[in-house]
Every structure is written in structure tokens, then in C-alpha cells.
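Residue numbers for the sequence shown follow numbering that gives the first Met the number 0, so the first one is 0 and each next one is one higher. Even glycine gets a Cβ: it sits at the ideal position worked out from N, Cα and C. Okay, structure first, notes after.
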Amino acid sequence: MRTQVAIVGAGPSGLLLAHLLHLQGIESVVLERQSREYVEHRVRAGVLEQGTVDTLRAAGLADRLLREGLVHHGIELRFTRHAHRIALSELSGGRSITIYGQQELVKDLVRARLETGRALYFQVADLSLDQVAGPEPVLRFRHGDRAVELHCDFVAGCDGFHGVCRKSIPASEQQVFHYDYPYAWVGVLAAVAPSTDEVIYAHHEDGLAMHSLRSPELSRLYLQCSPHDVIAHWSDDRIWSELHRRLATDDGWVLQEGPILEKSITAMRSFVVEPMQYGRLFLAGDSAHIVPPTGAKGLNLAVSDVRALADALSEWFVHGRDELLAQYSATCLQRVWRAQHFSAWMTQMLHRAPDDSTGFMHRLQVSHLRYIAQSRAAATSLAENYVGYDLA
Ligand code: APR
Ligand code: PHB
């Protein structure tokens, strides 16, 4: 088999790249380890920056997102039992965010790919990369009982943090930067109307709590827990009682409960590999970088990588020029490091530090939160990063 771009992974990165290339008349093959059912039902993040929505709309992929997504103009910070609204749009020149579950976006992207009639293989096994440093990389994999060899001009490594592409780059050719946080999140999807109109980030002495939304009938909630915790320790009753306690305010706000449909624990880490390229292999999305979810940046970074990669590959295939490919990694890393800083900053401001034996960090955090609630300059900084900030 031969194609122009072999895309490993059918998450948001791989599927969006496939579509953007298709729009330029560039052929690709998408290879995914899991089943369609699995990727379409994996519950993940849900906040889209306006730039992300604009990219999807321009690619003709936003019909359902524009119908069903919830457009938000603010978020709420809660601390010392009080609520403070950060007016994102007012503070960022009118930009907004849209709440739309990542798995819904993946469903839209899979459907769009299948409609193009171009190749998308699920349940691909034992994938390996060869000769990515040369002009014609080769991918080998099994699909059903066939052993396949796929030749291509470029490989897009869109296979997430645990994928094979990054691991195919020699260690001497990459530099890894990472930080593991001493906490994790219990994430919950509940069949109940959200008790809030905007996403709530709550700071509490027992740890962060968050209330997000998915639809008029579905709530998404999170609680800080230990990175060593297991979900079996989190009964539904315990989850609701912790949420009530950590989200409580003095003005009598009420959290509505409902059946818990899904719950799991997510580790929190910051991770970047540099450069995001090796020969003809280009990494995009979670395969190249991970942010802790507190800044809601993961999906948005994936989309901006892919937009840059699609532009660079189009320039190569359509105009025979390689300037954008040569700049790809440096271009993406500007945005990646801004998002890394913002995500780490939000994370450290809102989580209980396990080694804070005297409560020093807790007091710093409360002072920081008060400053953001009171100072327009501080709130503007949060807002412009939250809606997506491009470093020149
Ligand atoms: N062969 C084929 N596919 C693979 C392999 C492999 N060896 N390893 C991983 N994959 C697939 C995974 O099954 C997954 O479907 O690659 C896909 C990667 O998708 P994501 O993890 O969703 O990564 P990405 O598309 O970059 O999207 C980033 O996902 O984790 C969230 O917060 C993150 O929203 C961000 C988004
Ligand atoms: C979500 O809706 O899942 C969500 C929202 C904001 C975050 C993280 C997750 O920071």
C-alpha cells in the first residue's frame, strides 16, 4: 500500500488532520488501534477555544457543534465559600469558549472521514515505523489477519501519549521535559441537569472540585484525589458528599444529584518533547505534549498543532516548498509552552498541595484568588490565556 500521509491515531488530532488534508486534495490513511465504538465513547475534555471552533467551522466540521455546543462567556472561581465570576468575553475582546464533549467531536470527525471515502482502519495491531529519517517511511501493522506494509511520504504521529510514534524517535534526537503532580482527578459524568450555567473551579482545603457541563441533561464533575487512589474507593455516595462539601457557598447554592453514568481517575502531568519532528515523522497533539486538565488546553493544543501541520504539508505537496515543515516544531512549541505555563499556574493555584503541612501554600492560593477576583489586570491575564493566547 502507498499513500501521501500515514496518520497514526484516530483521536481528534489524527481525524482532523485527515480532513484538513482531504480538503487540500492530499491523500492519507488513518490507522487506529482501538475500535470505532471505543474512540467514540471515551469520555474526555470538553472546552473548545474560539480559535478551535473557527478551525472546525472553516473545515465544514462544526454543524452539530454549533447546534448543540454551549457557548460560554465566563467561568466561576469559588474559594472561601464565595463565588467570583471571571467575565472571559468582556476581558478578552469578545472571545468565548464552547462546551462540547470531545467524544461528540470524535463522532463528527469519524463520520466526516467516512463520508470522504478515504481510508480509516480501526483495530490495527502491532504497528511499527521504519525509515522515518529517509524520504519514504514504511509502516507495518496487522489488520484482521492481513500483514500490511504502508509506504508514505510523511508520517503524522497523532497516537496520543502512550503511542508508538514518539517512541520511534531515537532518544539522542529528543529532549523530554516533564513534571508529575502529587494529585489526580476523579472525573464523573452524571445524568442530571447542571447546577450551574458556567464552569466552576472550586478551591477548598480538602482539594479542588469542579463542575462542568455537557448538555441540558448531563453534568461533568471532578474532584482532586491522591495519584495513588483507585476508583473503587470512590462510591457514588462519597463522590456526592465530597462535591457538596467542596462546592458549598454561603449563599445557599444547591448541587443537584443524579445517576452517575461513568467515573474514572485521571493522572495529572505536564510533558513536552522537543522537537516535535524527526525526519519525515511529525508529532501532533498528546503524542508530543500533555497538560494537566485544569487549564482546559489539551484538545485546543491538538487542534492548533494539526492546523499548522496541515498548512505545512499542503505547502509541500501543493507548492513544493518546505519552509513551513521546517518551522513546524518551533511554531507549535510557542503555543505549547504558553499553554504549559498557564495550565501549571491554574493547577498550582487550585489544588491542595499534599506537603503543605503548615497551610502556607493554602494561604498563598487564597491571596492569589482574591487578587484575581479583585484586580481587572489579574483577571484579564487569566481570561486571555483561558480563551487562547498566541505568542507572536
Ligand atoms: N497504533 C494505532 N493507534 C494508536 C496507537 C498505535 N500503536 N497508540 C495509540 N493509538 C491511538 C489511540 O487509541 C487514540 O485513539 O491514537 C489515538 C490518540 O488519540 P488521543 O489520545 O485522543 O490524542 P489526540 O488525538 O492527540 O487528542 C488530544 O485528547 O487526551 C485528550 O486532552 C487531550 O483533548 C486532548 C486530546
Ligand atoms: C470538562 O468539561 O471536562 C472540563 C472543563 C474544564 C476543565 C477541564 C475539563 O479545565
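Helix, strand or coil at E48 according to DSSP, with G and I counted as helix: strand
Note down the Cα distance separating T357 from Y370, rounded to an integer number of angstroms. 22 Å
Drop a sphere of 10 angstroms on the beta-carbon of Y180, count the other beta-carbons inside from all chains shown, and report buried for 16 or more, exposed for fewer. buried
List the whole-angstrom C-beta distance separating L101 from P11, where the pair is believed to meet the contact cut-off of C-beta under 8 Å. Per the sequence shown, the amino acid found at residue 101 is Gln instead of Leu. Contact flag correct, Cβ pair sits at about 6 Å.
Cβ of P11 versus every heavy atom of the ligand APR: is any distance shorter than 7 Å? Relative to the non-hydrogen atoms of the ligand APR, the Cβ of P11 comes within a distance shorter than 7 Å of at least one.
Could you check what DSSP says for Q33 in three-state terms: helix, strand or coil? coil
Report yes if the C-beta of A86 is less than 7 Å from at least one heavy atom of the ligand PHB; otherwise report no. no
What are the uninterrupted segments assigned as alpha helix (DSSP H) that are 4 or more residues long and contained completely in the stretch 228 to 300, given in chain order? 235 to 246
Taking 7 Å as the cut-off, is the beta-carbon of A309 closer than that to any non-hydrogen atom of the ligand APR? No, Cβ of A309 sits at least 7 Å from all heavy atoms of the ligand APR.
State buried or exposed for T79, treating a residue as buried only when at least 16 other CB atoms are found within 10 Å of its CB. exposed
In DSSP terms, what Q223 is bridged to: W184
Could you check if L108 belongs to the surroundings of the ligand APR, using beta carbon to heavy atom distance under 7 Å? Not under cutoff, so the answer is no.
For I259, which option in I238, V28, M267, S269 has the closest C-alpha, if you only look at C-alpha atoms? I238
Where C151 falls: helix, strand or coil (DSSP): Reduced to three states, the DSSP call for C151 is strand.
Presumed contact (8 Å Cβ cut-off) between M275 and L312, rounded CB distance: 14 Å between Cβ atoms; not a contact.
Where DSSP assigns a beta bridge to A201, which residues make up the other side? R77, A208
Would E241 be called buried (16 or more neighbouring beta carbons within 10 Å of its own) or exposed? buried
Alpha carbon to alpha carbon, how far is F176 from L254? 39 Å
Would S342 and T265 be called neighbours here (beta carbons separated by less than 8 Å)? no
Using three-state DSSP, classify D179 as helix, strand or coil. The three-state secondary structure of D179, taken from DSSP, is strand.
Do R219 and the ligand PHB come close, with the Cβ less than 7 Å from some heavy atom? yes
Please state whether DSSP places S328 in a helix, a strand or coil. helix
Quick one: what's got a C-beta closer than 6 Å to V185's C-beta in the same chain, skipping five residues either side? L222, C224, W233, I264
Going by DSSP, which residues form a beta bridge with A5? A5 is bridged to V28, V154.
For D125, the three-state DSSP class (helix, strand or coil): Strand.
Within its chain, find whatever has a CB closer than 6 Å to the CB of G257; leave out the 5 residues flanking it on each side and keep chain order. A189, A190, V191
Could you pull the DSSP bridge partners for R139 from this structure? S127, E148
Pick out whichever of D62, S286, D310 has its Cα sitting closest to the Cα of L19. D310
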